[in-house]
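Participant: Here it is, the structure, as structure tokens.
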Amino acid sequence: MPAEHQLDMQLLGQSFLRNIPQGLMACNPDDSRVIYVNPAWETVTGFAPTEMLEAKPPYPHWPPGDKEKMVQQMLQARHDGALACECRLQRKDGKMIPVQTYHGQVRDGDGRLTALYQLVSDNSDNKTLEAKLLQAQKMEAVGHLAGGLAHDMNNILQVILTSGDMMLTEAGAGHPWRQRIMDIIRAGEKAAVLTRQLLTFARKNKVEVKLLDLNPLVIEFQSMISRLLGERIKVEITLGRSLPLVMADHSQIEQVLMNLAVNARDAMDQGGLFSISTREEFLDENYAKTHPEAEPGHYALISVSDTGAGMDAEAQKRLFDPFFTTKAKEQGTGLGLSVVYGIVKQHKGHIYVYSEKDRGTTFKIYLPAAADQRKGRRANQQTQIRFGHGIILLVEDEKAVREMEVQLLTSLGYQVIPARNGEQALEVFAQRRGNIDLLMSDMIMPGLSGWELYMNLKKQKPELKALFASGYSDESSRPLIRSHGVDFLQKPFSLHKLSVKLHEVLKSTKHIA
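Those letters in the sequence shown? Residues 1 to 513, by full-length UniProt numbering.
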């Protein structure tokens, strides 16, 4: 072979070794001293070439408990000429990672052994993907089992409940066994609830899907969640704009939120923050490759987070298993999250969970966007939420109503300054007059009425917009109100009606979306 050709081949070989993605380490065959490490070695192990050169066994990347195993691999590779295996190594940062290794030999033209080498590939992604595939297969198998079990149990319960009803009918009011029969029926009804939950997990329950905007659903559900969680847990709602419509069963999505709220409440016995947010999301092919249960596409995302106890890795592996629970026996059956999983899968969605022990948990629920968003928007035109921005002075003497209206207005994008009566509103207005865009007030309050308050503020800021809300339907006063360019909203009102009315009142300003 010509000398220049040999030189070209050497340069090609050196370039190849420098640029391969696998980490490569070569050793002297006599004393196992490291004589070469390529740049990718640092990427995989964290150890730079300068830290590896001249090193002898035990090498710094060998896990302390695996030294004997590593020596055996080297001896076998020397004896057999080649060895491929899976093992683990310890990165410089202390993290253990699974790796795919290949041990080989380098011999010269005369067959003399000149070097031993090891190729190392980080196998973490493959192991993670394998675990997710196994989890998805397990959930599918458990779902089939749960569905069959629930079907058989329902047949048994049908006999028990029907017999119980017949016995109760035949037993008179004073029959000594009447109470026992009623206990049997109640127990059967509780068991029937469990089987319905199992059927939901197994995706065998009937669903009634329709075009659904998730934002109004979340807002309408907010008051129930607040009562459920109690005063020690703060509720925070963030709604995404341009959220795609989904084909979903309204009551089942409510069930998902309810179950996640209960789970969060039990995880925050000392109080904390519970938050729900929505946004548009696109899952690409790369995401789907690492999450085999997800399909690439356009989604509406509901993210539910808490600052509770969190879960360790072992609990997360079994999180959606029926009857698995980390709670005390009296706190639940362990079916709440299984039901969540079943509902999401029945809607052809995807659920992702992230949790850290003592730091909290986040559930991300991806529901596929409806195919025809334009048609859906036309169909949902009358219930579309209008977002805006600006500062609203809210005056309401009922504390519970005031707090709820603050949440509603905040969720629509407005900044809210609450006041409990007209007198406090006057004080606030004196301090913030310049940047208050709208007065929203109850009509009838102790002290200053809503109308008296507005006329007083109007003198200070003639361009001030106003919206009155009242539980009284006083038709005679409305012409007077409207003659002053003020609008009226009858209580109780929906989030949609409130958003539209604010949009109408503020449409001449720059505070609408």
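Idealized CB from N, CA, C, for every residue including glycine.
My output table needs one value for Tyr454: the three-state DSSP class, helix, strand or coil.
Facilitator: Translated into positions along the sequence shown, residue 454 becomes position 454. Helix.
Participant: Tell me residue 523's beta-bridge partners as DSSP assigns them.
Facilitator: A question about residue 523 goes unanswered here, because the residues of the chain that appear run from 1 up to 513.
Participant: Return the residue from the list Glu427, Leu239, Val256 and Ser305 that minimises the CA-CA distance to Gly342.
Facilitator: On the sequence shown, residue 342 is found 342 positions in, with the first residue counted as 1. For Gly342, the nearest C-alpha among the options comes from Val256.
Participant: Starting from the N-terminal side, write out each stretch of the alpha helix (DSSP H) that is 4 residues or longer and does not extend beyond the segment 237–306.
Facilitator: Counting whole runs of 4 or more residues, the segment 237–306 contains the alpha helix (DSSP H) stretches 250–267 and 285–290.
Participant: Between Leu489, Gln407 and Ile444, which lies nearest to Ile219 when the distance is taken from Cα to Cα?
Facilitator: Start at 1 with the first residue of the sequence shown, and residue 219 comes out as number 219. Residue Gln407 is the option with its Cα nearest to Ile219.
Participant: Measure the C-alpha to C-alpha separation of Gln316 and Asp284 and round it to an integer number of angstroms.
Facilitator: Mapped onto the sequence shown, residue 316 falls at position 316. Mapped onto the sequence shown, residue 284 falls at position 284. Distance between the alpha carbons of Gln316 and Asp284: 24 Å.
Participant: Three-state secondary structure (DSSP) at Lys497?
Facilitator: By 1-based counting over the sequence shown, the position of residue 497 is 497. Three-state result, Lys497: helix.
Participant: Just the C-alpha distance for Arg361 and Leu228, rounded to the nearest angstrom, thanks.
Facilitator: Counting from 1 along the sequence shown, the entry for residue 361 is found at position 361. Counting from 1 along the sequence shown, the entry for residue 228 is found at position 228. In the sequence as presented, Arg is not what sits at residue 361; that position holds Thr. Each residue's Cα considered, the two are about 18 Å apart.
Participant: Buried or exposed, going by whether 16 or more other CB atoms sit within 10 Å of the CB of Gly65?
Facilitator: To locate residue 65, count along the sequence shown from 1; it is residue 65. Looking at its Cβ environment, which holds fewer than 16 other Cβ atoms inside 10 Å, Gly65 is exposed.
Participant: If you follow the beta strand (DSSP E) that Met311 is part of, which residue opens it and which one closes it?
Facilitator: One-based indexing of the sequence shown puts residue 311 at position 311. Neither: Met311 is in no beta strand (DSSP E) and is coded neither H nor E.
Participant: Does Val159 pass the burial test, meaning 16 or more other C-beta atoms within 10 Å, or should it be called exposed?
Facilitator: By one-based count along the sequence shown, residue 159 stands at place 159. Exposed, by the Cβ-count rule.
Participant: Just list the residues that DSSP pairs Phe363 with in beta bridges.
Facilitator: Walking along the sequence shown from the start, residue 363 turns up at place 363. Its beta-bridge partners are Val304 and Val353.
Participant: Any idea which residues DSSP pairs Val235 with across the strands?
Facilitator: Locating residue 235 in the sequence shown gives position 235, where the first residue counts as 1. According to DSSP, Val235 bridges with Phe274.
Participant: Per DSSP, what kind of secondary structure is Tyr59 in: helix, strand or coil?
Facilitator: What you label residue 59 is simply residue 59 of the sequence shown in a count that begins at 1. Of the three classes helix, strand and coil, the one that applies to Tyr59 here is coil, per DSSP.
Participant: Is Ala309 closer than 8 Å to Ala369 when the C-beta atoms are compared?
Facilitator: The residue labelled residue 369 in the question sits at position 369 within the sequence shown. The residue labelled residue 309 in the question sits at position 309 within the sequence shown. In this structure, Ala309 does not lie closer than 8 Å to Ala369 by Cβ.
Participant: Quick check on Pro418: does DSSP put it in helix, strand or coil?
Facilitator: In the sequence shown, the residue the question calls residue 418 occupies position 418. Strand at Pro418.
Participant: Just how far apart, CA to CA, sit Glu51 and Arg33?
Facilitator: Position 51 of the sequence shown, counting from 1, holds the residue named residue 51. Position 33 of the sequence shown, counting from 1, holds the residue named residue 33. When rounded, the distance between both Cα atoms is 12 Å.
Participant: For residue 514, count the other beta carbons within 10 Å of its own beta carbon; 16 or more makes it buried, fewer makes it exposed. Which is it?
Facilitator: An answer regarding residue 514 cannot be provided, because it is not within the stretch 1 to 513 covered by the chain.
Participant: By a C-beta neighbour count over all protein chains shown, 10 Å radius and 16 as the cutoff for buried, is Gln270 buried or exposed?
Facilitator: On the sequence shown, residue 270 is found 270 positions in, with the first residue counted as 1. Exposed, because fewer than 16 other Cβ atoms sit within 10 Å of the Cβ of Gln270.
Participant: Which residue wins for smallest C-alpha separation from Leu239, given the options Leu214, Ser226, Asn123 and Asp249?
Facilitator: Residue mapping note: residue 239 aligns to position 239 of the sequence shown, counting from 1. Nearest of Leu214, Ser226, Asn123 and Asp249 to Leu239, Cα basis: Leu214.
Participant: Indicate the three-state DSSP secondary structure (helix, strand or coil) for Leu319 in the structure shown.
Facilitator: As a position in the sequence shown, residue 319 is number 319, starting the count at 1. Coil.
Participant: Please report the residue range of the alpha helix (DSSP H) in which Phe47 lies.
Facilitator: For this step, residue 47 is matched to residue 47 along the sequence shown. Neither: Phe47 is in no alpha helix (DSSP H) and is coded neither H nor E.
Participant: May I ask you to report which of helix, strand or coil DSSP gives Val34?
Facilitator: Along the sequence shown, one-based indexing puts residue 34 at 34. Reduced to three states, the DSSP call for Val34 is strand.
Participant: Name, in chain order, the residues that DSSP records as bridge partners for Arg469.
Facilitator: The sequence position of residue 469 within the sequence shown is 469, counting from 1. Inspection of the sequence shows that residue 469 is occupied by Ala rather than by Arg. Note: Ala469 sits in a beta bridge opposite Asp442 and Leu489.
Participant: Glu504: buried (16+ other C-beta within 10 angstroms of its C-beta) or exposed?
Facilitator: As a working note, residue 504 is residue 504 in the sequence shown. That one is exposed.
Participant: Taking C-beta to C-beta, are Ser442 and Leu506 nearer than 8 Å?
Facilitator: Counting from one through the sequence shown, the residue named residue 442 turns up at place 442. Counting from one through the sequence shown, the residue named residue 506 turns up at place 506. According to the sequence shown, residue 442 is Asp rather than Ser. It is not a contact, given that the beta carbons lie outside the stated cut-off.
Participant: Is it right to say Ser476 is buried, meaning 16 or more other beta carbons lie within 10 angstroms of its own, or is it exposed?
Facilitator: The residue you call residue 476 lines up with position 476 of the sequence shown. Residue confidence is low: Ser476 scores 46 on pLDDT, short of 50, so the model does not pin down where it sits. No coordinate-derived value is stated.
Participant: Can Val428 and Leu457 be called in contact, C-beta distance under 8 Å?
Facilitator: The residue you call residue 428 lines up with position 428 of the sequence shown. The residue you call residue 457 lines up with position 457 of the sequence shown. Taking 8 Å as the Cβ cut-off, Val428 and Leu457 do not qualify as a contacting pair.
Participant: Ordered along the chain, which non-local residues of its own chain (more than five positions away) have a Cβ less than 7 Å from that of Met268?
Facilitator: Taking the first residue of the sequence shown as position 1, residue 268 is located at position 268. If we look at Met268 and ignore the five residues flanking it on each side, its Cβ neighbours are Ile233, Asp306, Thr307 and Gly308.
Participant: Under three-state DSSP, which class holds Gly188?
Facilitator: Working through the sequence shown from its first residue, we reach residue 188 at position 188. In the structure shown, Gly188 sits in a helix (DSSP, three-state: H, G or I).
Participant: Apart from the five residues just before and just after Ala419, which ones in its own chain have a Cβ nearer than 6 Å to its Cβ?
Facilitator: On the sequence shown, residue 419 is found 419 positions in, with the first residue counted as 1. Only Val395, Ala425 and Val428 meet the Cβ criterion.
Participant: Helix, strand or coil for Ile97, going by three-state DSSP, please let me know.
Facilitator: For this step, residue 97 is matched to residue 97 along the sequence shown. DSSP places Ile97 in strand when its eight states are reduced to three.
Participant: Taking a contact to mean a Cβ-Cβ separation below 8 Å, would you say Ser303 touches Lys364 in this structure?
Facilitator: Taking the sequence shown and counting its residues from 1, the one referred to as residue 303 is at position 303. Taking the sequence shown and counting its residues from 1, the one referred to as residue 364 is at position 364. It is a contact, given that the beta carbons lie within the stated cut-off.
Participant: In the DSSP assignment, the alpha helix (DSSP H) including Gly336 goes from what residue to what residue?
Facilitator: Looking up residue 336 in the sequence shown gives position 336. Start and end: Gly336 to Gln346.
Participant: Could you spell out the range, first to last residue, of the alpha helix (DSSP H) harbouring Ser226?
Facilitator: Mapped onto the sequence shown, residue 226 falls at position 226. Note, Ser226: alpha helix (DSSP H), Leu214 to Leu229.
Participant: If we ignore side chains and look at the alpha-carbon of each, how far apart do His511 and Tyr354 end up?
Facilitator: Position 511 of the sequence shown, counted from the start, is the residue given in the question as residue 511. Position 354 of the sequence shown, counted from the start, is the residue given in the question as residue 354. Residue confidence is low: His511 scores 49 on pLDDT, short of 50, so the model does not pin down where it sits. No coordinate-derived value is stated.
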